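Asks: These protein sequences, in sequence, are chains A and B. First residue of the first sequence: 1, per the numbering used here; consecutive thereafter. First residue of the second sequence: 114, per the numbering used here; consecutive thereafter. Backbone N, C-alpha and C define an ideal beta-carbon position, used for all residues, glycine too. In this text, all values refer to a predicted model and were calculated from it rather than measured experimentally.
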Amino acid sequence: SQQGEEDPQALSIQEGENATMNCSYKTSINNLQWYRQNSGRGLVHLILIRSNEREKHSGRLRVTLDTSKKSSSLLITASRAADTASYFCATGGGRQGAQKLVFGQGTRLTINP
Amino acid sequence: DGGITQSPKYLFRKEGQNVTLSCEQNLNHDAMYWYRQDPGQGLRLIYYSQIVNDFQKGDIAEGYSVSREKKESFPLTVTSAQKNPTAFYLCASNEVAGDIQYFGAGTRLSVL
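(1) Considering only their Cβ atoms, is the gap separating S68/A from E15/A smaller than 8 Å?
(2) Closest to G40/A by CA distance: which of K127/B, G219/B, L134/B, V224/B is it?
(3) Could you please tell me which residues of the region 146–166 of chain B, in chain order, have their CB closer than 9 Å to any CB of chain A?
(4) Is the beta carbon of Y177/B less than 8 Å from the beta carbon of T190/B?
(5) Around the C-beta of S223/B, are 16 or more other C-beta atoms found within 10 angstroms, so that it is buried, or is it exposed?
(6) Cβ closer than 7 Å: which chain B residues qualify as neighbours of L65/A?
(7) Less than 8 Å between CB atoms is the rule here; does L87/B satisfy it with respect to chain A?
(8) Starting from Y148/B, follow the beta strand (DSSP E) in both directions and report where the run begins and ends.
(9) Taking only three categories from DSSP, how would you classify A90/A?
(10) Give, in chain order, every unbroken run of the beta strand (DSSP E) that is at least 3 residues long and sits entirely within the region 20–59 of chain A.
(11) Starting from the C-beta of L134/B, find all residues in its chain whose C-beta is less than 6 Å away, skip the five residues before and the five after it, and write them out in chain order.
(12) Listing by chain order, which chain A residues have their CB less than 7 Å from the CB of G217/B?
(13) Could you tell me the boundaries of the beta strand (DSSP E) in which A194/B lies?
(14) With a threshold of 7 Å on Cβ separation, who are the neighbours of I76/A within its own chain once the five nearest residues in sequence on each side are excluded?
(15) Does the beta carbon of V179/B sit closer than 8 Å to a beta carbon anywhere in chain A?
(16) Just to make sure I have the definition right: I need the residues of chain A whose C-beta is within less than 9 Å of the C-beta of V132/B. Which are they?
(17) Taking the continuous beta strand (DSSP E) assigned at E175/B, which residues delimit it?
(18) To the nearest angstrom, report how far apart A85/A and L46/A are at their CA atoms.
(19) If we define contact as Cβ-Cβ less than 8 Å, is H57/A a contact residue for chain B?
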């Protein structure tokens with residue numbers, strides 16, 4: 001079963017703008033991760049935030065986690081055409097087991113030049 | 114060059130046929146996973162293995178089988194019992210103590 005729900009399902013913005021994607025989940029978690037998938041390719045890990053963390057940064061990426069609301073957001077600042085991809089949140093830990101990840105349905109991001 | 118190699122990239126299955134997707138990793142990871150991805154959807158877990166000679170069913174194991182005879186290899190067989198096999202299949206691995214999964218480039222399976 002898929003735990004995460006992502007919002008929006010699709011997002012189209014102009015190059016240079018910021019992109020925000022949201023993820024909600026249902027059960028307790030140990031960590032939440034964001035992955036990126038270019039069309040027809042495998043997933044690439046972007047960033048991991050643990051359940052005791054509220055915010056994390058990596059380059060142009062900023063992730064927040066609100067465990068009381070069971071939600072997370074991914075912000076990509078100063079977007080580039082190369083950021084065009086699908087972005088997935090994945091939750092780990094809790095009752096699913098320490099190593100199993102449960103993926104959301106993804107947000108398809110398009111950056112227009 | 115370390116990583117996960119999936120082959121073939123494209124595969125076609127005839128009705129009633131079993132097909133096997135290959136997944137090999139040289140990352141020395143103990144855990145390996147198989148996911149199915151349908152168009153516009155997220156990933157669903159088919160099978161996973163945390164150690165050689167042991168594997169567990171995921172959420173959608175029916176119609177699939179796996180083996181884990183070597184640490185670096187985790188092949189997936191799509192059997193004739195899987196009535197809707199058309200999908201993109203992704204293999205992943207991680208260290209048993211690690212949280213981040215590393216993915217192969219995927220195999221796209223279609224039915225003739």
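Replies: So, to answer that:
(1) no
(2) G219/B
(3) Y146, Y148, Q150, G153, Q154, G155, L156, R157, L158, Y161, Q163
(4) yes
(5) exposed
(6) Result: empty, since nearest Cβ-Cβ is about 14 Å, beyond 7 Å.
(7) Because chain B here runs from 114 to 225, residue 87/B falls outside it and cannot be looked at.
(8) 144–150
(9) strand
(10) Correct list: 31–37, 43–50, 55–58.
(11) L189, Y202, T220
(12) G42
(13) First-last for A194/B: undefined, no H or E at that position.
(14) The answer, listed in chain order, is N18, A19, R60, L61, D83.
(15) Contact with chain A is absent for V179/B, since none of that chain's Cβ atoms lies less than 8 Å from the residue's Cβ.
(16) Within 9 Å Cβ-Cβ: nothing; V132/B doesn't reach chain A, min ~19 Å.
(17) It is not in any beta strand (DSSP E) - E175/B carries neither H nor E in the DSSP assignment.
(18) 12 Å
(19) no
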